[in-house]
C-alpha cells in the first residue's frame, strides 16, 4: 500500500499567503517562502501554491516566488494560477516546480491537458477541480457541478464525468476542492471525494474543509483519497504538520514519518 500524503496549500496574493472561506473574505497570513520552509521541515509531504489573482489580472504566475521556493524547500511542490499555455508550464517547471496545476484553463481548453502531458509527462499535470453541490439532474446526475474562475462561473458539467475525461486526456492527479466545504473547517466532502476516487485510476487529493485530524483520517479512509490537502488548520497554528502526521499514523493510516526537521 502506498503511503497517504499530507499536502499544504498556500494561496498567494500580492506576494503573501492568503486564506478565505468559500473563496471570499481573504486575509493575508505571511510570506510564502518562509511558510513553505516551515511546513517542509515539519512533516509535510508536498506543497501546492496557487497564485490566485494571476488569471484575473491576465498575467503569468510569479516565477520569482517559484524560484525562491525551490531554493528553500526540498520536497515536491506544485504551482498553479496564471498558466495560460504550455510555455507558461515550461517556465514554471524550469523555475523549480515539480508539477503544474490547471483548473479554469483545462475546462475552457481541455486540449491543454493533453499538450502538457505530451510535453512534460502525466506526472507533471495536475487537474484542479472546484466543485459545487447541486440538485441532481439529467445534465449533472451526480449532483456535483464543475465551476471555474474562483467559483464564479458554473459550467453545467458533471464533476465525475469531467474527472474521467481529464484522466483520459492525460492528467496525472486531481486536486478535488469542494466549494461548499472550502475554509469551513467542518470536514471534507466525503461523498464527492469517494465518487471521484472510485471513478478514476489516478491519485485524488482531497481539498476543502479540513478542521481537525479526524477529518483527514476520514477522507483518507472513507473518502478513499490518496492525499489530504490542508490550509487553515496549519496556517492559523492550531495544528502542525508533524502533529497531523502523528494522528494519522496513530489511526493506522500509512504515512511517511521519516522527515527531517
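In the working numbering, the protein residues as written are 103 to 363.
Note that the Cβ used here is the ideal one computed from N, Cα and C, for glycine as well.
In the DSSP assignment, what are the bridge partners of residue i?
i, result
"residue 176", "None; residue 176 has no bridge partner."
"residue 164", "None; residue 164 has no bridge partner."
"residue 231", "278"
"residue 153", "114"
"residue 357", "106"
"residue 203", "182, 228"
"residue 260", "247"
Would you grab the beta carbon distance between residue i and residue j for me? Rounded to a whole angstrom, and I think it's under 8 angstroms.
i, j, result
"residue 108", "residue 330", "6 angstroms"
"residue 357", "residue 105", "5 angstroms"
"residue 298", "residue 312", "Residue 298 to residue 312, Cβ: 17 angstroms. No contact."
"residue 184", "residue 202", "So it is not a contact: roughly 10 angstroms between Cβ atoms."
"residue 336", "residue 110", "6 angstroms"
"residue 147", "residue 114", "Not quite, the Cβ-Cβ distance comes to about 20 angstroms (not below 8 angstroms), so this is no contact."
So, is residue i buried or exposed, given that buried needs 16 or more other C-beta atoms within 10 angstroms?
i, result
"residue 443", "As shown, the chain starts at 103 and ends at 363. That puts residue 443 outside it, with no answer to give."
"residue 218", "buried"
"residue 279", "buried"
"residue 351", "exposed"
"residue 363", "Because residue 363 sits at a pLDDT of 49, beneath the cut-off of 50, its placement in the model cannot be relied upon, and the following sentence gives the value as read from the coordinates. Exposed, since its Cβ has fewer than 16 Cβ neighbours within 10 Å."
"residue 354", "exposed"
"residue 103", "exposed"
"residue 210", "exposed"
"residue 317", "buried"
"residue 156", "buried"
"residue 285", "buried"
"residue 260", "buried"
"residue 310", "buried"
"residue 164", "buried"
"residue 237", "exposed"
Verify the CB distance criterion: does residue i have a CB-CB separation below 8 angstroms to chain C?
i, result
"residue 138", "Given the protein chain composition of this structure (a single chain), no chain C is represented."
**Request:** Take every Cβ of the region 269–285, pair it with every Cβ of the region 214–227, and state whether three or more of those distances are shorter than 8 angstroms.
**Result:** Remark: three or more beta-carbon pairs, one from each stretch, lie closer than 8 angstroms, so the region 269–285 and the region 214–227 are flagged as touching.
**Request:** Kindly confirm or deny that the region 203–210 and the region 230–248 touch, where touching means at least three C-beta pairs closer than 8 angstroms.
**Result:** With the cut-off at 8 angstroms, the region 203–210 and the region 230–248 touch.
**Asked** Are at least three pairs of beta-carbons, each pair with one atom in the region 250–259 and one in the region 285–304, less than 8 angstroms apart?
**Response** No, they do not touch.
**Message:** Assess contact between the region 232–247 and the region 182–198, defined as three or more Cβ pairs (one per stretch) separated by less than 8 angstroms. Is contact present?
**Reply:** Flag = no, the region 232–247 and the region 182–198 do not touch.
**Message:** Could you tell me which whole alpha helix (DSSP H) segments of length 4 or greater appear in the region 262–348?
**Reply:** With a minimum length of 4 residues, the continuous alpha helix (DSSP H) runs that stay inside the region 262–348 are 292–301, 315–323, 334–337.
**Prompt:** Is there contact between the region 279–295 and the region 312–325, where contact requires at least three CB pairs shorter than 8 angstroms?
**Reply:** The region 312–325 and the region 279–295 touch, with three or more beta-carbon pairs separated by less than 8 angstroms.
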